[in-house]
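In this note's numbering, the protein residues as written are 1 to 440.
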């Protein structure tokens with residue numbers, strides 16, 4: 001019988017808090033190996049997809065379809081000479097990659113990959129999750145923010161202007177978009193009533209219905225539909241949080257060479273590179289857990305009894321995660337890099353204010369839903385549509401009225417110091433040299 005379709009009947013005490021020590025060690029080993037293998041695969045997949053977009057072949061020599069190319073690149077990096085520039089702070093310079101890489105592995109500890117299952121060849125039941133906390137999402141956000149210190153210290157300790165500017169730009173970028181990301185998750189906490197990742201997944205299990213003109217229209221219980229503005233804000237923020245294109249400003253080659261990575265080589269450079277791709281997987285797994293139902297099967301497959309039993313949920317989870325990874329790759333292959341001022345304006349003047357307004361709106365909808373006959377889902381969908389229309393109207397305003405400039409008819413000479421500090425003359429009213437020659 002296929003083990004993927006065997007319904008599991010776990011004992012009442014099965015869970016993440018009652019695992020024996022060998023099961024905990026096995027989970028830690030599996031997560032570590034999984035993240036390394038997933039990173040190698042994502043690097044290969046990104047190179048192949050971008051090559052396809054650019055009508056190239058991509059890696060196709062090492063292994064079948066070039067699958068071993070990432071492994072070959074990793075071995076090459078480890079065997080390269082580990083150079084250390086003069087004038088660096090040696091201790092901080094070596095410590096910075098460790099501060100970035102270690103938290104990247106720790107964040108997956110609270111991500112649920114599936115329900116409680118029976119370990120093959122044993123009589124032990126366990127949940128496909130290393131551990132769970134009442135504040136699991138806050139744990140992920142806190143651990144992920146530690147990596148910012150590694151980037152700042154790496155840029156500062158490298159004794160390079162490019163590295164320092166890249167580190168400062170990266171820290172400002174990650175801090176700015178962590179605020180928007182955290183605010184986007186507040187509405188999920190309000191709707192699910194918990195910060196536990198497993199409980200948030202369970203809260204999205206049941207389908208919802210929206211009453212439109214007296215007809216109940218069923219929609220999936222995923223918060224990507226019910227809390228669509230939060231989902232969009234989170235997706236934009238997670239791209240900025242991981243310093244990926246089109247938000248890869250800390251590594252803008254034309255301005256900063258390689259940013260905070262300029263003076264790193266060999267295994268230290270590989271650790272930064274590994275952390276970047278693991279962080280991509282982390283924010284994608286968190287988006288899958290909080291907005292796409294986690295390991296639950298997509299609708300309408302979820303209507304079948306076998307869809308959410310056994311090891312099938314692992315397939316659904318990684319299918320959703322890889323969809324987000326492809327979204328990263330698609331952005332890199334299609335969009336140009338934003339200017340720094342545009343990027344910061346997007347974060348502080350659009351995402352954060354919209355997040356705050358959306359939180360107030362969701363809280364109001366929940367309060368009104370308790371006092372009226374309208375379902376909270378219907379009110380929430382209506383509020384989401386209103387927010388989307390408001391954002392579109394702000395993002396695409398009407399054509400501004402042209403300012404009519406009046407000619408300087410009184411013949412007064414332009415005074416550059418009239419306001420107390422020198423300013424250039426207005427170009428609109430300044431005649432060109434050819435015009436002055438004709439007039440003269």
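All C-beta atoms, glycine included, are put in the ideal place defined by N, C-alpha and C.
Remember, it's a predicted structure, so these values are computed and weren't measured experimentally.
Practice item. Report yes if the C-beta distance between residue 23 and residue 161 is below 7 Å; otherwise report no. Key: In this structure, residue 161 does not lie closer than 7 Å to residue 23 by Cβ.
**Study point:** residue 47 in three-state terms, based on DSSP
**Key:** The three-state secondary structure of residue 47, taken from DSSP, is helix.
Check your understanding: For residue 291 versus residue 155, is the C-beta distance shorter than 7 Å?
Key -> No, the pair does not count as a contact, with Cβ atoms beyond the cut-off.
Review point. With 16 other CB atoms within 10 Å as the buried threshold, where does residue 355 fall?
Key: Classification for residue 355: buried.
Practice item. Determine the closest residue to residue 366 out of 293, 226, 240 and 351, with distance taken between C-alpha atoms. Key: Considering only alpha carbons, the answer is 226.
Check your understanding: How many angstroms separate the CA atom of residue 460 from the CA atom of residue 79?
Key -> What is shown of the chain runs 1 to 440, which leaves residue 460 out entirely.
Review point. Would DSSP call residue 339 helix, strand or coil?
Key: In this structure, residue 339 counts as coil in the three-state DSSP scheme.
Practice item. Check whether the Cβ atoms of residue 105 and residue 317 lie closer than 7 Å to each other. Key: Cβ distance not < 7 Å, so residue 105 and residue 317 don't count as in contact.
Point to revise | Endpoints, alpha helix (DSSP H) assigned at residue 223 | key: Under the DSSP assignment, residue 223 falls in the alpha helix (DSSP H) whose first and last residues are 223-226.
Check your understanding: Taking the Cβ atom as the reference point for each residue, do residue 96 and residue 166 lie within a distance shorter than 7 Å?
Key -> Cβ distance not < 7 Å, so residue 96 and residue 166 don't count as in contact.
Review point. Comparing alpha-carbon positions, which option in 312, 281 and 247 lies nearest residue 337?
Key: Distances from the alpha-carbon of residue 337 to those of 312, 281 and 247 put 247 closest.
Review point. Which residue from 190, 122, 98 and 188 puts its Cα closest to that of residue 146?
Key: Closest by alpha carbon: 98.
Practice item. Under 8 Å by Cβ, that's how I've got residue 307 and residue 297 pegged, so tell me the actual separation to the nearest angstrom. Key: So it is a contact: roughly 4 Å between Cβ atoms.
**Study point:** Residue from 108, 280 and 172 whose Cα sits closest to the Cα of residue 29
**Key:** Looking at the Cα atoms, 108 is the closest of the given residues.
Review point. Per DSSP, what kind of secondary structure is residue 262 in: helix, strand or coil?
Key: If DSSP states are grouped into helix, strand and coil, residue 262 belongs with coil.
Review point. Residue 342 to residue 148, Cα distance in whole Å?
Key: So the two alpha carbons sit approximately 21 Å from each other.
Review point. Given that a residue counts as buried once 16 or more other Cβ atoms are within 10 Å of its Cβ, and exposed if not, what is residue 392?
Key: By the neighbour-count rule (16 or more Cβ atoms within 10 Å), residue 392 is not buried but exposed.
Review point. Cβ of residue 349 less than 7 Å from any chain D Cβ?
Key: Judged by its chain identifiers, the structure shown contains no chain D, having just a single protein chain.
Practice item. Using the Cα positions of residue 20 and residue 42, report the straight-line distance between them to the nearest angstrom. Key: Cα-Cα distance, rounded: 33 Å.
Practice item. Quickly, what does DSSP pair residue 126 with across the bridge? List them, please. Key: Note: residue 126 sits in a beta bridge opposite 117.
Practice item. My understanding is that residue 329 touches residue 50, with C-beta atoms under 8 Å, so please give their C-beta distance in whole angstroms. Key: With 8 Å as the limit, residue 329 and residue 50 qualify as a contact, their Cβ atoms being about 6 Å apart.
Practice item. Report the rounded CA-to-CA distance for residue 201 versus residue 334, giving the unit in angstroms. Key: Taking C-alpha positions only, residue 201 is separated from residue 334 by approximately 32 Å.
Review point. Fully enclosed by the region 18-73, which alpha helix (DSSP H) runs are 4 residues long or longer?
Key: Listed in chain order, they are 21-53.
Practice item. With DSSP as the reference, label residue 304 as helix, strand or coil. Key: Coil, per DSSP.
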